[in-house]
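Residue numbers (our numbering): 129 to 313.
What follows is a single structure, written as structure tokens, with notes after it.
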Amino acid sequence: MTGYDLHKRFDSSVGHVWYAPDSQIYPELRKMEADGVVTAEEVPWGTKGTKREYHITGAGRDALRTWMNTTLPYARFRDAMHLKSAYFEWATPDAARSQLRAHIAHYESELAQWQDQIDQIDGGSSPMLNRRLEVTPEKDRKRTAAFKRYAYEGLVQRAEQEIAWARDGLRLIDDLDVGQPEETP
Numbered sequence: 129m130t131g132y133d134l135h136k137r138f139d140s141s142v143g144h145v146w147y148a149p150d151s152q153i154y155p156e157l158r159k160m161e162a163d164g165v166v167t168a169e170e171v172p173w174g175t176k177g178t179k180r181e182y183h184i185t186g187a188g189r190d191a192l193r194t195w196m197n198t199t200l201p202y203a204r205f206r207d208a209m210h211l212k213s214a215y216f217e218w219a220t221p222d223a224a225r226s227q228l229r230a231h232i233a234h235y236e237s238e239l240a241q242w243q244d245q246i247d248q249i250d251g252g253s254s255p256m257l258n259r260r261l262e263v264t265p266e267k268d269r270k271r272t273a274a275f276k277r278y279a280y281e282g283l284v285q286r287a288e289q290e291i292a293w294a295r296d297g298l299r300l301i302d303d304l305d306v307g308q309p310e311e312t313p
């Protein structure tokens, strides 16, 4: 695939679990080529142009297997919403409610997308999974589909947990705000 093709495929497959802008994909492809995990060739594009098409190498498949068989070193992460919630006493109750409602709306949207992915997997209509299964040996197809579904199940559970947490926050604000005069921003 070309970098552009990879970017499009990335967005429609693992883009739900890993965001990678094209500004990251192209430098990474050059690095991977230098490391020998992919090769690249110039192919015709249009009437006079060319584009680079990348192919995984045996070393690339080995590197992927090694990465898949290695436990992740978990990095610390930043979570702006949970950080802000620790300091909601500095916000007006209405502002805190608004932020929690936005959090709920965000995760409800994500939840709908992820559940749709599961429904497509279950119904055999997932373009991403179907492309993958076309190049997967018959004996591995059930496993491949099960792990794709498993990944989306985790995202669904995360979204449901974030929605529940934000709703708990709304109840907390209501409990703490009883009898308090409303502040003006």
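We put the CB at the ideal spot given by N, CA and C, even for glycine.
In this text, all values refer to a predicted model and were calculated from it rather than measured experimentally.
8 Å CB neighbourhood of residue i in its chain, flanking five on each side removed
i, result
"Ala273", "Ile249, Leu257 and Leu261"
"Leu134", "Ile153, Leu157 and Tyr182"
"Met129", "Arg137, Glu181 and Tyr182"
"Leu300", "none"
Cutoff 6 Å; reference residue i; Cβ partners in own chain excluding five residues on either side
i, result
"Ala287", "Tyr235, Glu238 and Leu239"
"Ser184", "The displayed chain sequence assigns Ile, not Ser, to residue 184. Counting only Cβ-Cβ distances below 6 Å, and skipping sequence neighbours, we find Val166."
"Glu331", "Summary: the structure shown does not reach residue 331, with the chain confined to residues 129 through 313, and so no result is reported for it."
"Ala168", "Glu161, Arg180 and Tyr182"
"Phe216", "Ala224"
"Tyr278", "none"
"Trp173", "Lys179"
"Arg269", "Leu261"
"Thr264", "Thr272"
"Ser254", "Gln248"
Under 8 Å between C-beta atoms of residue i and residue j
i, j, result
"Glu181", "Val166", "no"
"Tyr280", "Ile246", "yes"
"Trp242", "Leu283", "yes"
Cβ shell of residue i (< 7 Å), same chain only, five flanking positions each side left out
i, result
"Asp305", "Pro221"
"Gly164", "Thr185 and Ala187"
Supposed contact pair residue j and residue i - C-beta distance, whole angstroms, cut 8 Å
i, j, result
"Tyr154", "Gly131", "5 Å"
Exercise. Which runs of the beta strand (DSSP E) fall wholly inside the region 158-198 and span at least 3 residues, in chain order?
Worked result: For the region 158-198, the continuous beta strand (DSSP E) assignments of 3+ residues that do not extend past its boundaries occur at 166-173 and 177-184, in sequence order.
Exercise. Taking contact to mean at least 3 C-beta pairs separated by less than 8 Å, is the region 188-208 in contact with the region 223-234?
Worked result: No, the region 188-208 is not in contact with the region 223-234.
Exercise. Which ranges would you report for the alpha helix (DSSP H) in the region 196-259 if only whole runs of at least 4 residues count?
Worked result: The DSSP assignment places complete alpha helix (DSSP H) segments of no fewer than 4 residues inside the region 196-259 at 208-213 and 221-251, in order along the chain.
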